[in-house]
Amino acid sequence: MDTPEITEEQAEALLNWSYAIERVIRRSTALAIAMNVGRNTLALGQSSVSHKEYQRRCGVCRRTVDTAVKLLKKHRIIARVGTSEHGSAIYRANFQSSGANALV
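Now the structure itself:
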């Protein structure tokens with residue numbers, strides 16, 4: 356799967372968002388997932404990477420991915436916005452609401 360292209364301004368916003376997230380989220384799997392969802396949200400409007408793909412990318416078990424996603428949703432860093440035709444969850448990064456602003 357190719358990484359979507361983002362502008363320099365979007366990259367800076369993503370970097371600032373990641374710094375804010377790191378203050379609250381101390382788990383590497385959750386940070387990796389948040390960054391992927393954030394990048395895909397900026398480039399594509401949403402992210403539909405499967406939990407199985409996150410397992411492969413992060414080298415962790417399904418339970419670790421599920422725990423990381425629950426943590427990100429609890430802190431409103433990402434939100435589930437639907438399901439793809441293949442059954443994968445569709446997430447969107449929350450740059451505006453309490454996910455980013457409450458962390459800064």
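For my numbering, count along the sequence shown from 1 and bump the result up by 355. We put the CB at the ideal spot given by N, CA and C, even for glycine.
Counting the other Cβ atoms within 10 Å of the Cβ of G393 gives 16 or more, which makes it buried. Here the alpha carbons of H441 and R418 stand approximately 20 Å from one another. The beta-bridge partner set that DSSP reports for T438 consists of A444. Taking 8 Å as the cut-off, the Cβ atoms of V420 and Q410 count as close.
The three-state reading of DSSP puts I388 in helix, counting H, G and I together.
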